[in-house]
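J.: Before I ask anything, let me first share the structure, which is written out below as structure tokens.
Residue numbers (my numbering): 43 to 197.
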């Protein structure tokens, strides 16, 4: 729990710094990833669309098998704008950098996608999905959650 709050605090500081550096607002999104099935893998992700259009994603995971390698993770969406984790109906993806399981079963991953590659964050609902790394490199979902938009400056 202590690590989760530290991760969120760091991500919040980075988000505030990004906002302070520009006159326009960044879009901030967040999710708590929950274990799917009996994987025991959970975590959190902070997604920031910067004023210049670049997308930054910070991902923190725990409950992975220690030293078990790389795990693919993506932002999933669909044309209908109703993608959600429970339905696993996001047939389109924004690929994120793989997460590497450390010796303590945790992983941190950071991805920056330039605006030229992602003209806009997908419309409608989206979710972050972490995939098992066996029996194939991108296996079934082991941790997933719908992404929420955080409205900065509103109460």
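Quick reminder that beta carbons are idealized off the backbone N, C-alpha and C, glycines included.
Grab me the residues of residue 82's own chain with a C-beta within less than 7 Å of its C-beta, minus the 5 sequence neighbours each way, in chain order.
T.: Excluding sequence neighbours, residue 82 sits near 105.
J.: Residue range of the beta strand (DSSP E) that residue 111 falls in?
T.: Start and end: 111 to 113.
J.: Quick one: what does DSSP say residue 149 is sitting in, helix, strand or coil?
T.: In this structure, residue 149 counts as strand in the three-state DSSP scheme.
J.: Among residues of its own chain, excluding the 5 on either side of residue 189, which ones have a beta-carbon nearer than 8 Å to its beta-carbon?
T.: 71, 72, 73, 87, 89, 117, 167, 168, 169 and 170, listed in sequence order.
J.: Helix, strand or coil, according to DSSP, for residue 133 in the structure here?
T.: If DSSP states are grouped into helix, strand and coil, residue 133 belongs with coil.
J.: Between which two residues does the beta strand (DSSP E) carrying residue 87 extend?
T.: Its beta strand (DSSP E) spans residues 84 to 91.
J.: From what residue to what residue does the beta strand (DSSP E) around residue 185 run?
T.: Run containing residue 185: 183 to 188, per the beta strand (DSSP E) assignment.
J.: By the DSSP assignment, the beta strand (DSSP E) with residue 76 in it spans what residues?
T.: Looking at the DSSP string, the run of the beta strand (DSSP E) that includes residue 76 is 69 to 77.
J.: Whole-angstrom Cβ separation of residue 164 and residue 173, contact assumed at under 8 Å?
T.: That belief does not hold up - the Cβ atoms of residue 164 and residue 173 are roughly 19 Å apart, past 8 Å.
J.: Following the continuous beta strand (DSSP E) through residue 174, name the residue where it begins and the one where it ends.
T.: Unbroken run through residue 174: none, as it is neither H nor E.
J.: Measuring only the C-alpha atoms, how far is residue 232 from residue 193?
T.: Because the chain spans 43 through 197 in this model, residue 232 falls outside it and cannot be assessed.
J.: At what residues does the beta strand (DSSP E) containing residue 99 begin and finish?
T.: Taken as a continuous stretch (DSSP letters only), the beta strand (DSSP E) holding residue 99 covers 97 to 104.
J.: Could you tell me whether the Cβ atoms of residue 141 and residue 151 are closer together than 7 Å?
T.: The answer is yes: Cβ separation under 7 Å.
J.: With distances taken Cα to Cα, identify the nearest neighbour of residue 122 among 153, 101, 139 and 132.
T.: When only C-alpha atoms are compared, the closest one is 132.
J.: Kindly indicate which three-state DSSP category residue 124 falls into: helix, strand or coil?
T.: Looking at residue 124 - three-state DSSP - the assignment turns out to be strand.
J.: Pick out whichever of 102, 96 and 107 has its Cα sitting closest to the Cα of residue 115.
T.: Among 102, 96 and 107, the Cα nearest to that of residue 115 is on 102.
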